[in-house]
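To convert, take the position in the sequence shown, counting from 1, and add 17; that gives our numbering. No residue lacks a Cβ here, since even glycine has one placed at the ideal position from N, Cα and C.
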Amino acid sequence: MKRVVIIGGGYGGLRALEHLCKYEQFHVALIDKNPYHYMQTETYGYIAGRFDIADIAVDIQSFIEGLRKNIEFIQDEVLDISKETNEVICKANNVAYDYLILAVGAKTHFFSFIEGAQEHTHGVKNIQRAFEFRRDFESQLYNKLQHSADSEAEDFHIAIAGAGLSGVEIAAEMGYVLQHYKKSFALNSANITISLIDAAETILPGMDSYIVDKTRKRLKELGVNIYERTYISKIKKESIVFNDETELPFNFAIFTAGIVGVDLIKKLDTPKNSIHQIIPDEMLRMQGTDNIFIIGDCAQIEDANEIILPPTAQIAEKSAEYVVKNIAKLDNQQLITPFNAKVDGMFIALGGNYAVGILFDKIKVSGYVAHLLKKLITRAYRFGLELKVNTGYKKRQIDVLEQHC
């Protein structure tokens, strides 16, 4: 039985696992240092207090138990990959493979030319960072509630560096939460501000003008201050310094200005782009190999017209499905075809029951209807996970009972 090893339990890794379980000729192993799958696309709601930890984390072992028997989860830290011996070098034990799928995602890119970015801001690419941010945010809200009658209460500033998808969704959700608190508790939020900063010409650079315009309007309605074409030169403990040497004070800040390859990717001897994403061949294989595939955010993935696709959960899942089909074809000595996919649609949550989106480059929606569509997509994904997790949890409980009988 051939062994397929997946490194990474993110969107791409779990989708690859789901599709591989259809092929009984493979034994599948998923390796991740964490015991949970982190739903990064729902981070905006978690850090603003609308979602709980259970809404953004899924137990991987229970998920696997809900599939089939020839799948195993190995909780370990991957240190390197040996292409010569077909082994994944882990902290505890090495894992041999016949086929390997790299789905390790990416991490927050704290640009080296912005002094103090990593030391004085939060990222949200991992669940610990998101938890720390939420804790600080709720602590400050509580402090405001305690002193809501104090007209001389200190100003409180939230700064978000990076106005891409994550930065915009977080700014909008936090703006909505602050408005909600103001109405519900007569909270003095006049001196609570949210600032969204980006060096690009506009927020959401590269996205359709319809989405950009609707988003900008919504953010302004929520009281978010937007700084476009604004360059950050330095981040101090309590302020952001711009290129013109003016400063923006903050009580805490979040950094969502981009992604960069994780340490494992950086050490691999294979072509990469400037942000350390692997540049695969047109079949999404690591160049120079025929059994190592790259999916999701750790790869620079292009469409049939050689246009780079955005690092989204949607593309991670599409690349996963494609790679699994190719592995099955290779195992049956069949020809494989180049990857050819595009983004079917894009929805952005903008606080409360409001969203904006485009489907199939034609259908444009905003407001409550867009919110319902985004919610439907998210719930469908979540339902599929929970169905397998609940099945797996019951199996694990039965196994425990049998062991004690």
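One Cα belongs to ILE394, the other to PRO327, and the distance between them is close to 18 Å.
Taken in chain order, the complete beta strand (DSSP E) segments of 3 residues or longer contained in the stretch 202 to 276 are 209 to 214, 241 to 244, 249 to 252, 256 to 259, 264 to 266, 269 to 272. Rounded to the nearest whole angstrom, the CA to CA distance from ALA270 to TYR114 is 42 Å.
With contacts defined by Cβ atoms closer than 8 Å, HIS44 and PHE80 do not form a contacting pair. Non-local beta-carbon contacts of SER250 in its own chain, meaning distances under 6 Å to residues more than five positions away in sequence, involve VAL258, ASN260 in chain order. Annotation for GLY140: LYS124, THR125, PHE127, ARG146, ILE271, PHE272, THR273 place their beta carbon closer than 8 Å to its own, counting only its chain and skipping 5 residues before and after. Non-local C-beta neighbours of ASP49 in its own chain, meaning closer than 7 Å and more than five positions away in sequence, comprise GLY25, GLY26, ILE77, GLN92, ordered along the chain.
The stretch 327 to 337 makes no contact with the stretch 151 to 159: fewer than 3 CB pairs, one atom from each, lie closer than 8 Å. Among the bridge pairs identified by DSSP, TYR116 is matched with VAL21. Measuring C-alpha to C-alpha distances from LEU404 to each of ILE73, LEU84, TYR28, GLY66 identifies LEU84 as the nearest. In this structure GLY223 is exposed. Its beta-carbon is surrounded by fewer than 16 other beta-carbon atoms within 10 angstroms. Taking all protein chains shown into account, GLY122 has 16 or more neighbouring C-beta atoms within 10 Å of its C-beta and is therefore buried. 8 Å or more divides the Cβ of GLY275 from the Cβ of ILE295. Where GLN135 is concerned, the enclosing alpha helix (DSSP H) starts and stops at 134 to 137. In the three-state DSSP reduction, ASP307 falls in the coil class, being neither helix nor strand.
In this structure, PHE364 is the residue among GLY401, PHE364, ARG246 with its C-alpha nearest to the C-alpha of LYS392.
MET18 sits exposed, since fewer than 16 C-beta atoms from the chains shown fall within 10 Å of its C-beta. GLU190 sits in a helix when the DSSP states are folded into three classes.
The three-state reading of DSSP puts PHE154 in helix, counting H, G and I together. Taking the C-beta atoms as reference points, HIS36 is found nearer than 8 Å to ALA337. The distance from the Cβ of ILE228 to that of VAL373 is about 5 Å, consistent with a contact at the 8 Å cut-off. The C-alpha of SER183 is placed about 29 Å away from the C-alpha of MET303.
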